[in-house]
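First the structure, in the form of structure tokens, and then the observations on it.
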Amino acid sequence: MPGPDSISRRLSGDARSFLAAGYALLIQVAHPTVGAGVAEHSNFKEDPWGRLLRTLDFTNGLVYGDPQTAAGIGRAVRGIHTQIKGVRPDGVRYHALEPEAYGWVHVTLFDAIVRVHHHFGIALDHGEVVRFYGEWTKLGRLLGVRERDLPATHAEFAEYYEWMITERLEPTPTVYDVLETLAHPAAPPLPAALRPGFALGGPAMGRAQRLVTVRLLPRALRERFGVKLSRTERLEVAALGRVARTATPLMPASLRNTATGYMRWRHEEIGRLAAAGEMAAAA
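If you're matching positions, the sequence shown starts at 5 in the numbering used here and goes up one per residue.
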């Protein structure tokens, strides 16, 4: 479990990490197995906010929950994935627990957090990145990501990441579903009193999320997916980065780490997820 001084606990709940959600999902579904699984077994197009909350539930539960909660969530998440299987559009049978695909989904969250803080927060130094990678791969054990399923060191991960970009990731149909969802975000399930605020600010938030997502993509993937930023958009995202970095010392503690508030808000859902894992283990 990550300790109180871990990089995982410092960054996973930082509000800026949410900016990386689109990037993480995009490079996940660019893997043919993940793309097919999400297309056939997820309702993210109809309920993108629900999918985001479920991802945040398991991530926060793993990183900030007590050992019993984290272990239960790990078993529950793996159990859910045992049912995700089918046939890809190219006719190849797939299963969500294929080691390469399952490990890729886990490690993309590490990569997304590092990237977003490099561009929109305080970049980690090399030693912190190495330490964070070690923490994240250990968290993967709770999900059933075996030691041999991911590179042992961050140096090896860098080579693995480039190989995945070059040899494995492709513009799956789900990639374009994600891009469309980012371009036209649905309204979140807000109380009635807050809905007018989203109607006013939602389009700007959606635009910012799309710009950040495209900016975080490696150039090779931008070209492969047929997405790019105009000169004006590049200036916009650069300005957003400057504002985000400048604001870092001014951010209240509740935004630097949202985990306490999130765990309190979603404690019932997180508890049910952990309990499902405990029940599965006892069965």
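Quick reminder that beta carbons are idealized off the backbone N, C-alpha and C, glycines included.
{"Query": "Roughly how many whole angstroms lie between the Cα atoms of Glu56 and Leu244?", "Result": "One point to set straight first is that residue 56 is Leu, not Glu, in the sequence displayed. One C-alpha to the other measures close to 23 Å."}
{"Query": "Do Ala43 and Thr185 have their C-beta atoms within less than 8 Å of each other?", "Result": "no"}
{"Query": "Counting only the same chain and skipping the five closest in sequence on each side, list residues whose C-beta sits under 6 Å from that of Arg119.", "Result": "Leu220"}
{"Query": "Would you call the CB atoms of Gly210 and Pro189 closer than 8 Å?", "Result": "yes"}
{"Query": "I think Thr86 touches Ser16, with their Cβ atoms under 8 Å apart; what is that distance to the nearest whole Å?", "Result": "With 8 Å as the limit, Thr86 and Ser16 do not qualify as a contact, their Cβ atoms being about 26 Å apart."}
{"Query": "When you compare each of Leu173, Ile274 and Leu101 to Gly41 by their alpha carbons, which one comes out closest?", "Result": "Leu101"}
{"Query": "Report the three-state DSSP secondary structure of His188 (helix, strand or coil).", "Result": "coil"}
{"Query": "Who are the near neighbours of Asn261 in its chain, counting only those whose CB is closer than 7 Å to its CB and skipping five residues on each side?", "Result": "Gly17 and Asp18"}
{"Query": "In whole angstroms, give me the CA-to-CA distance for Asp70 and Glu272.", "Result": "15 Å"}
{"Query": "Buried or exposed for Thr236, please, with buried defined as at least 16 other CB atoms from any protein chain shown within 10 angstroms of its CB.", "Result": "exposed"}
{"Query": "Report yes or no: do the region 124-136 and the region 98-112 share at least 3 C-beta pairs separated by less than 8 Å?", "Result": "no"}
{"Query": "Compare the C-alpha of Arg268 against each of Val149, Tyr68, Glu163 and Thr157 and name the closest.", "Result": "Tyr68"}
{"Query": "For the putative contact between Ala34 and Thr176, defined by C-beta atoms under 8 Å, what is the C-beta separation to the nearest angstrom?", "Result": "6 Å"}
{"Query": "Where does Val179 sit, in a helix, a strand or coil, going by DSSP?", "Result": "helix"}
{"Query": "Going by the DSSP bridge assignment, what does Arg97 pair with across the sheet?", "Result": "Val91"}
{"Query": "Buried or exposed: Ser258, going by 16 or more other Cβ atoms within 10 Å of its Cβ?", "Result": "exposed"}
{"Query": "In chain order, what residues of the same chain lie with their CB nearer than 6 Å to the CB of Ala278, ignoring the 5 residues before and after it?", "Result": "Thr73, Gly76 and Ile77"}
{"Query": "Just the C-alpha distance for Gly65 and Thr170, rounded to the nearest angstrom, thanks.", "Result": "33 Å"}
{"Query": "Could you name each continuous alpha helix (DSSP H) segment of 4 residues or more that falls completely within the region 97-166, going from the start of the chain to the end?", "Result": "103-124 and 130-147"}
{"Query": "Restricting to Cα atoms, I'd like to know which of Ile88, His110 and Trp140 is closest to Pro6.", "Result": "Trp140"}
{"Query": "Are the CB atoms of Leu146 and Ala28 nearer to each other than 8 Å?", "Result": "no"}
{"Query": "If you draw a straight line from the C-alpha of Val231 to the C-alpha of Ala224, how long is it?", "Result": "10 Å"}
{"Query": "Write down every uninterrupted run of the beta strand (DSSP E) in the region 224-270 whose length is 3 residues or greater and which is fully enclosed by it, in chain order.", "Result": "none"}
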